[in-house]
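Listed in order, the protein sequences are those of chains A and B. Throughout, this note's numbering is defined as the position within the first sequence, counted from one, plus 16. Throughout, this note's numbering is defined as the position within the second sequence, counted from one, plus 173. Every residue gets a Cβ at the ideal spot worked out from N, C-alpha and C, and that includes glycine. Input: a single structure, listed below in structure tokens.
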Amino acid sequence: MQAELEMNQEQDIQFKQMKKKKSKKRLDSWLLLLPALSIFLFFFLLPLVFLFITSFKNFDAATGIGHDWTLQNYAKFITDQFYLGVLWRTVKIALITTLAAVVISYPVAYQITKVRGRMKNYLTLLVLSPLLISMVIRCYGWVILLSNNGVVNNALMKLGLIDKPLTLLYTEFSVVIGMVHVLFPYMVLSIMGSLERIDPSIIRASQNLGAGPIRTFFSVILPLTLPGIFAGSVMVFSLAVSSFVTPAILGGPQVKVMSFLTYEQVSTILNWPFGSAIGFLLIFIATITIIIYSKLLTKSEKGVAIQ
Amino acid sequence: MRKVLPKACLNFFCILVYIFLAAPIVVVLLSSLTTTEYIVFPPKGITLRWYAELINHPEFMQSFTLSIMVALGTSVISTIIGTMASIAVVRYEFRGKTAVTQLIGSPLLIPSVVFGVALLQFFSWIGLAASPVALVIGHFILTIPFVMRLVVASLVGFDRSIELAAKNLGAGRLRVFFQITLPVIKSGVIAGAIFAFITSFDDLTVALFIVSTDVVTLPVRIYTYMQYQYDPIITSVSSIMILLTVILMVVIERILGVGKVFSSKN
């Protein structure tokens, strides 16, 4: 009886200590999180909530933001052909960029996973280098290349292929070129990841069964890397839809996209409510993409499991 | 034959892609050497005149210093804050963890233009004027998600028994962190700091909304200069930035190895 009681007490003490430890742990975790969390609540969430509210206010020529509530800003966008055209152009440019990025990234990712040793490091660095050099500068390089008396036009004229310079700069074409250049590394990384996960014995099995390299590629390697292509595409698409720097420098006011429209409304026309509404429509498109993607991904993962 | 032809095609295609990747950067570097008053490629003659010309444009130097300062501040502080938050997320279980990680991860989904506009409106309401501090705060939001991704990745594969061993041998919590945990997750933390630096130094979109006439970062300076002038000054400024990036990359390669930095990214 005495022993039992003692044991009970001991357990009690242990339990209390555990509880103390647990609450101390909880305090620790919140202390560690506090700086990041407060910055994000105060300088990220709060400003966005305020901007969302602004998008439901009327436009006041004197102060920018009026006092009345309205859905006018959103209605103005979805009923006006011009704005819908900008939306369509934004999505179109992002789609073409994504497609082009897949086509040019895949062979490069494939080649990099094939080589070994130092060469692999150098090629990886080369592919990722665009990420490290200022986006403004890279786009500026494209301005020099694509302008009317730029490198590309001069070369084409010297070769006698054209008589007068083609308009390449400030077109959808130049925006796509710049965007592919900027977003290419994301696609390569994503495809490389899925290529590296392929079990080499599967490829050997395919070869042993008599399939040539091309057949092996199309019926074994490509299907196995589809999740990587998917993941890269969604990343590139959502970055392309919302990118600002590239369309601003290589497209300018001639090739307006959603992000540029937001910027223009807010900083030139000073119509804050309408600018905010355009911005939130942009967030809406980007979010929808991600949701569709995660739905597709869970589906395709099930597909892979069945295989 | 069956094997050689596809391989040759692949290599040829890849070389074209590498040329595409290098083209704008090479063009900027080479056309900064031109003797002409306008930008031309290939450059006519070779001179360093446009680099010397920078002395007459102190505003570029000012912007450069500001950008370096902002990027350094952003990098150091967001790495510390991001590492702390990563430890909390990986090591502890607490209520609202998913909500917290989603909130901190969400800037990757929000277009930076929209964030820039939101921040401009918010800053003007609370009366925070354009300043290096305002820029650093804006850049925190862009960089902390990246830092956390990299640090969390290096924390996940961490063998905690060595921490326990250190603790049992009498090391205090801080000592365990600085002598055991930090050296192991070092590559993730350094990669995070570098990414934070580059992201902040490169940012145009958010800075465009925060800057004022006397607080202008380098990307904003270059962007606005480009709108009105088309002379080789921009190419010499850009070339200096490219060369600095290359030097930074070589240093990173020496310290960490490229493979390491980027493999922890996935």
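query                                                                                                               : result
Residue range of the alpha helix (DSSP H) that includes B/D375                                                      : L355 to D375
Closer than 9 Å to chain A by CB, B/G361                                                                            : no
Where A/N224 falls, given that 16 or more other Cβ within 10 Å makes a residue buried                               : exposed
Neighbour-count burial assignment, A/G209, 16 or more Cβ in a 10 Å radius                                           : buried
Extent of the continuous beta strand (DSSP E) to which A/N74 belongs                                                : K73 to D76
Buried/exposed call for A/G295, threshold 16 Cβ in 10 Å                                                             : buried
Residues that B/D404 contacts on chain A, provided the C-beta gap is smaller than 8 Å                               : Those within 8 Å of B/D404 in chain A number zero; the least Cβ separation is about 12 Å.
Proximal residues of chain B, C-beta to C-beta of A/G101 below 9 Å                                                  : Simply none; closest approach about 19 Å.
Secondary structure, beta strand (DSSP E): runs of 3+ residues fully inside the segment 71–138 of chain A           : 73–76 and 80–85
7 Å Cβ cut-off: residues of chain A touching B/D387                                                                 : Going along chain A, no residue has its Cβ under 7 Å from B/D387, so there is no contact; the nearest lies around 18 Å.
For B/Y396 and B/Y211, believed in contact at Cβ under 8 Å, the rounded distance                                    : Not quite, the Cβ-Cβ distance comes to about 19 Å (not below 8 Å), so this is no contact.
Beta-carbon spacing of A/V236, A/T113 below 9 Å                                                                     : no
Spatial neighbours of A/F290 in its chain, beta-carbon cut-off 6 Å, leaving aside the 5 residues before and after   : N89 and Q281
Enclosing alpha helix (DSSP H) for A/K174 [first to last residue]                                                   : V167 to K174
Length of the line joining the Cα atoms of B/T207 and B/R222                                                        : 8 Å
Where A/A171 meets chain B, residues with beta-carbon distance less than 7 Å                                        : Simply none; closest approach about 10 Å.
Own chain, CB closer than 7 Å to B/M321, minus 5 neighbours either side, in chain order                             : G255, A258, S259 and I277
Environment of A/H83 [buried if 16+ CB atoms lie within 10 Å]                                                       : exposed
Beta-carbon gap between B/L292 and B/F374 smaller than 9 Å                                                          : no
Straight-line gap, A/N169 to A/L175 (C-alpha atoms, nearest Å)                                                      : 10 Å
beta-carbon A/D179 near the ligand HEM non-hydrogen atom, thresh 8 Å                                                : Because no ligand of any kind appears in the structure shown, any question about the ligand HEM cannot be addressed here.
Cα-Cα separation between B/I413 and B/A195, rounded to whole angstroms                                              : 16 Å
At least 3 beta-carbon pairs within less than 8 Å: the segment 262–270 of chain A vs the segment 289–309 of chain B : no
Within-9 Å CB hit, A/W104 to chain B                                                                                : no
B/P179 - DSSP class collapsed to helix/strand/coil                                                                  : helix
Under 9 Å (Cβ pairs) to chain B, residues found in the segment 113–140 of chain A                                   : I120, S121, P123, V124, Y126, Q127, I128, K130, K136, N137, Y138, L139 and T140
Same chain only: Cβ atoms within 6 Å of A/Y309, ignoring 5 sequence neighbours per side                             : V250
Uninterrupted alpha helix (DSSP H) stretches inside the segment 368–419 of chain B (no shorter than 4 residues)     : 378–383 and 391–401
Test item: CB-CB of A/L205 and A/L184 under 9 Å                                                                     : no
Nearest candidate by alpha-carbon position, reference B/S285, set A/T284, A/K311, A/I306 and A/Y279                 : A/Y279
Segment limits, alpha helix (DSSP H) that includes B/Q275                                                           : K270 to G278
Within chain A, partners of B/A258 - CB distance below 7 Å                                                          : L48, L49 and A52
Short CB-CB distance (under 9 Å) between B/Q294 and chain A                                                         : yes
Contact set for B/S251: own chain, Cβ-Cβ below 6 Å, skip 5 residues either direction                                : F313, T316, I317, V320 and A369
Other residues of its chain near A/L286: CB distance less than 7 Å, five sequence neighbours each side excluded     : G80
Any C-beta of chain A under 9 Å from that of B/D375                                                                 : yes
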